[in-house]
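In my numbering, the protein residues as written are 196 to 421.
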């Protein structure tokens, strides 16, 4: 009986060590695979070929939605969001990497990575891009992320609303702006400018009726909450 105790203890130690070794081996293998994926995705994202950037986005979408995006992959996604805006490739003065659909998709995916870095990237795109669908994607993600220190994000969205209402009124963008306002409302310190922006959408008959109705309902909800 005394002999069995040391044997049992030794067996337990052996099993524990084996488990730790297997876990360490698996961890090293996972780290290696992640590192290889990082290199591949970064190369695809930095490629001048449009199709390669699409493939990179597919990899990044799987990683982001699976909650497994590495720091390198997050950086690659931010880079794709600024493709043709913050990163410009020119040949004989012609912009060669103006891919609005790439930027829009990347902006949408950044909603799944709530951080100051994502917010900063999205604000840059929302302010500098001239494609309504890209601006809409950036605004949507800013609303989803929900970071609005000192009303920085809401103020930027108000500026965007004024700019596009004057130059290129787009119902889909106005709808996304209203949706972002609704999500960010609890974080807003001074709601007066935001309510004024919403009122302008409600009164603008160049927007579709459902958009103007959404604006009116949002004003009522904000007034009720006050």
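Glycine residues also receive a C-beta, built at the ideal position from the N, C-alpha and C atoms.
In this structure residue 413 touches residue 373 by the C-beta definition: roughly 6 Å separates them, less than 8 Å. Taking C-beta atoms as the reference points, residue 240 and residue 274 count as a pair closer than 8 Å. Taking 8 Å as the upper bound for CB-CB distance, residue 343 and residue 383 are in contact here, some 7 Å apart. Straight through space, the alpha carbons of residue 362 and residue 332 are spaced by roughly 19 Å.
Counting C-beta pairs with one atom in each stretch, the stretch 247-257 and the stretch 309-328 have fewer than three that are closer than 8 Å, which means they do not touch. According to DSSP, residue pairing for residue 285 in a beta bridge involves 290. With respect to the 8 Å criterion, residue 334 and residue 389 are not classified as neighbours on the basis of their beta carbons. Residue 235 sits away from residue 268, with the two beta carbons spaced by 8 Å or more.
In the DSSP assignment, residue 253 falls within the alpha helix (DSSP H) that extends over 245-260. Contact annotation: residue 302 and residue 290 have beta-carbon atoms that are not nearer than 8 Å. Sorting 405, 245, 358, 340 by C-alpha distance to the C-alpha of residue 392 places 358 at the top. Leaving aside the five residues that flank residue 370 on each side, the residues in its chain whose CB is nearer than 7 Å to its CB run, in chain order, 406, 409. Here residue 278 carries a strand assignment [DSSP, helix/strand/coil]. Across the structure, residue 337 and residue 355 are spaced so that their CA atoms are roughly 13 Å apart. Relative to the Cα of residue 365, the nearest Cα in the group 327, 352, 351 belongs to 327.
The beta-carbon separation of residue 294 and residue 260, rounded to 21 Å, does not stay under the 8 Å limit for a contact. For residue 405, the enclosing alpha helix (DSSP H) starts and ends at 404-420.
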